[in-house]
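Colleague: Before we start, here is the structure in question, set down as structure tokens.
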Amino acid sequence: MPSTSATETLTAGSVQLQLLPERAVYINAFKALLVSDVHLGKAETFQHYGLPVSSQINHATLQRLEALCTQYQPEQLWILGDLFHGRDGMADEVIDTWLKFLHRTQVSAHLILGNHDRRLQDILSQLSVECFVEAVDLGGILLSHEPEISENRLNICGHIHPCLRLKMGCDRLRLPCFYWQAGQTRLTLPSFGEFTGGYDITLAAGEVAYVVAEGAVVGFGK
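Following this note's numbering, the numbering of the sequence shown begins with 7 at its first residue and continues without gaps.
Below, the structure written as structure tokens:
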């Protein structure tokens with residue numbers, strides 16, 4: 007049976023993770039806000055190849071992130087990879103939008119480089135974000151872009167943009183989700199960006215998909 011709340015609290019060891027319907031995680035113990043796969047500049051990448059996609063996507067994404075920073079007042083913002091989509095999308099407007107977000111929030115931003123932005127490290131180092139090539143230990147939690155195998159600690163990652171397909175009578179839904187794999191002590195975050203695809207997961211025994219729907223987090227488990 008699904009369980010529903012505006013937010014969902016997942017306890018892993020001694021750490022409580024607050025799963026937010028904005029597709030982010032807040033860890034109060036570290037005053038840390040976690041998101042993954044923001045993909046700023048994806049619209050501009052499509053524009054570079056002649057496809058008319060609105061640049062308002064970047065503003066909408068960062069407005070949601072700014073609202074979370076205002077609400078939770080995090081001391082740290084951790085982006086688990088793919089803050090920017092690619093070099094072709096690094097237009098001046100995209101960079102300016104990011105810098106204005108940092109100026110307004112005054113949040114300390116940290117980026118674990120993902121497969122899309124590893125080649126942008128030379129640019130990112132100038133954009134007021136601390137970059138990490140490898141996974142990072144945050145108070146005993148392993149933060150990474152791709153999933154990591156870690157026997158003794160929780161791994162929080164992104165990369166796969168997990169989604170769950172639901173069938174309810176004649177209705178079919180495909181929704182982004184937080185993917186909890188208890189056997190591997192791993193939580194995979196949904197993509198935060200407004201303009202991203204998704205990967206359909208299939209739940210195994212003991213796994214839970216915390217689906218994001220209509221401003222709430224809904225847990226579906228096996």
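Virtual Cβ for every residue (Gly too), placed ideally from N, Cα, C. The structure displayed is predicted, hence computed values, not measured ones.
1. Hey, A38 and L144: beta-carbon distance below 8 Å or not?
2. Using only alpha-carbon positions, find the residue among E152, Q112, S134, V223 that is nearest to T76.
3. Does Q24 come out as helix, strand or coil in the three-state DSSP assignment?
4. Suppose only complete runs of 4+ residues qualify. What are the alpha helix (DSSP H) ranges in the segment 145 to 198, listed by chain order?
5. May I ask you to report which of helix, strand or coil DSSP gives T111?
6. Which residue comes first and which comes last in the alpha helix (DSSP H) that contains I129?
7. Step through the CB atoms of chain B and report whether any lies within less than 8 Å of the CB of L144.
8. Confirm, please, whether the CB-CB distance from E157 to C163 is below 8 Å.
9. Cβ atoms of A141 and S134: under 8 Å apart, would you say?
10. Compare the Cα-Cα distances from D206 to each of Y78, P168, G221 and report the closest residue.
11. Any idea if A222 is buried or exposed, counting beta-carbon neighbours within 10 angstroms, 16 or more meaning buried?
12. Residues in the same chain with beta-carbon distance under 6 Å from G19, minus the five sequence neighbours each way, listed in chain order, please.
13. Using the C-alpha atoms, what's the distance from E99 back to G212?
14. Can you say whether N121 is buried or exposed, counting buried as having 16 or more other CB atoms within 10 angstroms of its CB?
15. In the DSSP assignment, what residue or residues form a beta bridge with D143?
16. Using 8 Å as the cut-off, can you tell me whether the segment 62 to 82 makes contact with the segment 17 to 31, which would need three or more C-beta pairs spanning the two stretches below that distance?
17. What first and last residue would you give for the beta strand (DSSP E) that runs through L83?
18. Closer than 8 Å by C-beta to L160: which residues in its own chain qualify, once you throw out the five before and the five after it? Chain order, please.
Modeller: This is what the structure holds:
1. Start at 1 with the first residue of the sequence shown, and residue 38 comes out as number 32. Start at 1 with the first residue of the sequence shown, and residue 144 comes out as number 138. Yes, these two residues count as a Cβ contact at 8 Å.
2. Along the sequence shown, read from residue 1 onward, the residue named residue 76 stands at position 70. Minimum Cα distance to T76 is reached at Q112.
3. Within the sequence shown, numbered from 1, the residue matching residue 24 stands at position 18. Q24: strand per DSSP, three-state reduction.
4. none
5. Here residue 111 corresponds to residue number 105 of the sequence shown, with the count starting at 1. Residue state, collapsed to three classes: helix.
6. In the sequence shown, counting from the first residue as 1, residue 129 sits at position 123. Run containing I129: 127 to 130, per the alpha helix (DSSP H) assignment.
7. Within the model displayed, chain B is absent; a lone protein chain is all it includes.
8. Taking the sequence shown and counting its residues from 1, the one referred to as residue 163 is at position 157. Taking the sequence shown and counting its residues from 1, the one referred to as residue 157 is at position 151. Contact: no.
9. In the sequence shown, residue 134 corresponds to position 128, counting from 1. In the sequence shown, residue 141 corresponds to position 135, counting from 1. Taking 8 Å as the Cβ cut-off, S134 and A141 do not qualify as a contacting pair.
10. Within the sequence shown, numbered from 1, the residue matching residue 206 stands at position 200. Ranking the options by Cα distance to D206, first place goes to P168.
11. Within the sequence shown, residue 222 is the residue found at index 216, counting from 1. It counts as exposed.
12. Taking the sequence shown and counting its residues from 1, one reaches residue 19 at position 13. If we look at G19 and ignore the five residues flanking it on each side, it has no Cβ neighbours.
13. Sequence index remark: in the sequence shown, residue 212 carries index 206 (1-based). Sequence index remark: in the sequence shown, residue 99 carries index 93 (1-based). Their backbone Cα atoms lie some 45 Å apart in a straight line.
14. On the sequence shown, residue 121 is found 115 positions in, with the first residue counted as 1. The residue in question, N121, is exposed, as its Cβ has fewer than 16 Cβ neighbours within 10 Å.
15. Counting from one through the sequence shown, the residue named residue 143 turns up at place 137. The partner list for D143 (beta bridge, DSSP) reads L148.
16. yes
17. To locate residue 83, count along the sequence shown from 1; it is residue 77. From DSSP, the beta strand (DSSP E) with L83 extends over 82 to 85.
18. What you label residue 160 is simply residue 154 of the sequence shown in a count that begins at 1. Same-chain partners within the cutoff: A18, G19, V21, G146, I147, L148, T191, R192, L193.
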